[in-house]
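Written below as structure tokens is the structure these notes are about.
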Amino acid sequence: MADDLSAISGIAAGRAKVLAEELGVESFADLAAQDVESIVAALRGYPAGRGVGREAAALWIAEAQRRAARPN
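Numbering (this note's numbering), first residue to last: 2 to 73.
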């Protein structure tokens, strides 16, 4: 089941699309299972000059872990 990743600050529809296409991330649990370097690499060229840094990627993972742990 796909979650609305744009609920996490810094992830807009375009970044969510790249994460899905490059890493198969479609849910908070998927994002929570990623590592910082994979996210940074996947978004390196999106769009030119608008990648994501390690700190932001770590914050996204932490937020995804919190959201994935919440009961529906």
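Cβ atoms here follow ideal geometry from the backbone N, Cα and C, with glycine treated the same way.
For clarity, every value in this text was computed on a predicted model and none was experimentally measured.
Neighbour-count burial assignment, residue i, 16 or more Cβ in a 10 Å radius
i     : result
Arg16 : buried
Residues of its chain near residue i, where Cβ-Cβ distance is below 8 Å and the 5 sequence neighbours each way are ignored
i     : result
Arg19 : Reading the sequence as shown, one finds Val at residue 19 and not Arg. Hits under 8 Å: Ala43, Leu44, Tyr47.
Option nearest residue i by Cα separation, candidates the options
i     : options           : result
Val53 : Asp4, Ala3, Ile12 : Ile12
Rounded Cβ spacing between residue i and residue j (contact assumed at less than 8 Å)
i     : j     : result
Leu32 : Leu60 : So it is not a contact: roughly 11 Å between Cβ atoms.
Ala3  : Ser28 : 6 Å
7 Å Cβ shell around residue i - same chain, five flanking residues per side excluded
i     : result
Glu23 : Ala43
Residue i and residue j closer than 9 Å at C-beta
i     : j     : result
Arg68 : Ile9  : yes
Val37 : Ala58 : yes
Ala30 : Ala63 : no
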